[in-house]
Amino acid sequence: MDMTLTAKIKIYPTAEQAEVLKDTLSAYRQACNAVSIVIFDTKVLAQAKLHDMTYRLLRSNYALRSQMAQSVIKTVIARYRSLKSNGHEWTLVRFKKPEYDLVWNRDYSIVQGLFSVNTLEGRIKVPFEPKGMEPYFDGSWTFGTAKLVYKHNKFFLHIPMTKTIPTVDEHNIRQVVGVDVGVNFLATAYDSQGKTIFFNGRKIKHMRAKYKRMRKTLQQKGTASARRKLKTIGQRENRWMTDVNHAVTKALVRQYGERTLFVLEDLTGIREKTERVWIHDRYETVSRAFYQFRQLLEYKARLHGSKVMVVAPHYTSLTCPKCGHTEKANRNKRTHTFCCRTCGYTSNDDRIGAMNLQRKGIEYIVEGTTQA
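Here the sequence shown is numbered in my numbering, starting from 58 and rising by one per residue.
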């Protein structure tokens, strides 16, 4: 099965190269908006017709090189087709961000350890940050159409990379790990050897509370500068939470290795479910980015020859993993403890959730291998 990841690679142009890249991004954005107006007015989405209508204009008015002009046309067509396929009304598409699409081996390539990028002034060769990216340059990955991005006074190449990775089937699984994702503990993992690993979320919870207080203060101000600051804080929090999820999922995959089946709860719709939790805890629950955690664990598990399955979340923290008795009174949410009203088994409620998830994974494996 083919797997595609988008690598975000920071590049380090010289001051002179940076100016060339900025000029190129500006011209590309203006050219996209020019073609967008033509498409909006004519409703023409055929590439050949648009080429005849706009190519000379793009070359003369914006000084685009031939390949860049064609790239502009393709980029704008793709945006309008996406608009139509998503059922949106026909409206003028505007390009505001400084971005530039580059085709592999036409607009960008790697030459002697440097990225060679096509610009208004021709090719320039820029160094990049290779740390952590070494596996993607071993020849087994296919590079797709990249996007040159200028953000926070830094240049990045967002490159989609594709590789064929064999899918792990049930017969090759050597262990099952239940992973309960929460707030007090970022993740609680219970494995086939009966061992539990807790990823403490206390520091993360305190940081989320700090962001919450900052948001509340700025929202009360209501000024234009406060709204801008809110947006900046939101972006910073999202980046921070992504880093946290990356770290935890990476640790899980490294801890358990290949041929592991990770079992998670399906927390789709968690925002709607938070309407039933205390208002005091609602922000922490929503901001945890559970679905992102799942996506990161899925692709990292596949890269390491493992697999992720998702199960319904019903009763995973209310069911006794020893006797099977299910009752709301088994769990004390305030103290985060579980005590079975039937057999008396007691443990941390997140650990109970991980144990029940692990059990569901084993049942899935047994059923699959038995039927086969």
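Built from N, CA and C at the ideal position, the CB exists for glycine as well.
Boundaries (first-last residue) of the alpha helix (DSSP H) holding residue i
| i | result |
| --- | --- |
| Arg311 | Ala281 to Tyr313 |
| Ala369 | Per DSSP, Ala369 belongs to no alpha helix (DSSP H) and is neither H nor E. |
| Thr399 | Neither: Thr399 is in no alpha helix (DSSP H) and is coded neither H nor E. |
| Glu449 | The chain is shown from 58 up to 429; residue 449 falls before or after that span and cannot be answered. |
| Ala266 | Arg259 to Lys278 |
Residue i and residue j closer than 8 Å at C-beta
| i | j | result |
| --- | --- | --- |
| Val240 | Lys260 | no |
| Gly410 | Ser374 | yes |
| Leu159 | Leu205 | yes |
| Asp376 | Asn405 | Here residue 376 is Thr; the residue named in the question, Asp, does not match the sequence. Contact: no. |
| Val133 | Val101 | no |
| Ile222 | Arg316 | no |
| Gly418 | Val168 | no |
| Phe213 | Ile66 | yes |
| Thr399 | His382 | yes |
| Leu318 | Met271 | no |
| Val150 | Leu140 | yes |
| Glu247 | Gln87 | In the sequence under discussion, the amino acid at residue 247 is Tyr, which differs from the Glu named in the question. Contact: no. |
| Val368 | Val423 | no |
| Tyr356 | Met125 | no |
| Trp161 | Gly196 | no |
| Phe137 | Ile96 | Position check: residue 137 holds Tyr in this sequence, whereas Phe was assumed. In contact: Tyr137 and Ile96 (Cβ atoms closer than 8 Å). |
| Arg122 | Thr245 | no |
| Thr403 | Thr394 | yes |
| Lys286 | Leu275 | yes |
| Asn302 | Leu360 | no |
| Cys396 | Asn387 | yes |
Own chain, CB closer than 7 Å to residue i, minus 5 neighbours either side, in chain order
| i | result |
| --- | --- |
| Glu341 | Low per-residue confidence applies at Glu341: pLDDT is 47, beneath 50, and the placement is therefore not dependable, though the value from the model is reported in the following sentence. Around Glu341: Val240, Lys262 and Arg265. |
| Ala64 | Met190, Tyr193, Ile216 and Met218 |
| Gln250 | none |
| Thr71 | none |
| Asp323 | Val367, Val368, Ala369 and Pro370 |
| Gly362 | Val225, Glu315 and Arg316 |
| Trp198 | Met218, Thr219 and Lys220 |
| Trp147 | none |
| Lys211 | Lys67 |
| Glu420 | none |
| Gly25 | As shown, the chain starts at 58 and ends at 429. That puts residue 25 outside it, with no answer to give. |
Residues of its chain near residue i, where Cβ-Cβ distance is below 6 Å and the 5 sequence neighbours each way are ignored
| i | result |
| --- | --- |
| Thr224 | Met58 |
| Ser166 | Ser173 |
| Tyr85 | Tyr157 |
| Tyr69 | Pro184 |
| Gly179 | none |
| Tyr313 | Val234 |
| Asn90 | Phe152 |
| Asn175 | Asp164 |
| Pro187 | none |
| Arg116 | Ala126 |
The beta strand (DSSP E) enclosing residue i, as first and last residue numbers
| i | result |
| --- | --- |
| Arg122 | From DSSP, Arg122 is part of no beta strand (DSSP E); its letter is neither H nor E. |
| Cys380 | Segment: none, Cys380 is in no beta strand (DSSP E) and carries neither H nor E. |
| Lys5 | The structure shown does not extend to residue 5, since the chain spans only 58 to 429, so no value can be given for it. |
| Ala64 | Asp59 to Ile68 |
| Val236 | Gln232 to Val238 |
| Val101 | Run containing Val101: none; DSSP gives neither H nor E here. |
| Thr245 | Phe242 to Tyr247 |
| Thr19 | Past the edges of the chain, shown from 58 to 429, lies residue 19, and the structure says nothing about it. |
Beta-carbon contacts of residue i that lie in its chain and below 8 Å, excluding the five residues immediately before and after
| i | result |
| --- | --- |
| Gln74 | Ile181 and Val183 |
| Thr299 | Ala346 and Gln349 |
| Arg333 | Confidence at Arg333 is low in this model, with a pLDDT of 43, below 50, so the placement of that residue is unreliable and no value is reported for it. |
| Trp335 | Because Trp335 carries a pLDDT of 44, less than 50, the predicted location of this residue cannot be relied on, and no value is offered for it. |
| His108 | Gln127 and Ile130 |
| Tyr112 | Ala126, Gln127 and Ile130 |
| Ile290 | Tyr268, Met271, Arg272 and Leu275 |
| Leu171 | Lys182, Val183, Pro184 and Phe185 |
Min CB distance residue i to chain C below 8 Å
| i | result |
| --- | --- |
| Tyr207 | Among the chains of the structure shown, chain C does not appear; only one protein chain is present. |
Legend entry - Segment contact flag, the stretch 79 to 87 with the stretch 152 to 170, C-beta cutoff 8 Å, min 3 pairs: yes
Inset, instruction - Could you tell me which uninterrupted beta strand (DSSP E) segments, each at least 3 residues in length, are contained entirely in the stretch 147 to 206, listed from first to last along the chain? - result: 156 to 159, 165 to 168, 171 to 176 and 179 to 183
Legend entry - Three-pair Cβ contact test at 8 Å for the stretch 242 to 261 versus the stretch 297 to 310: yes
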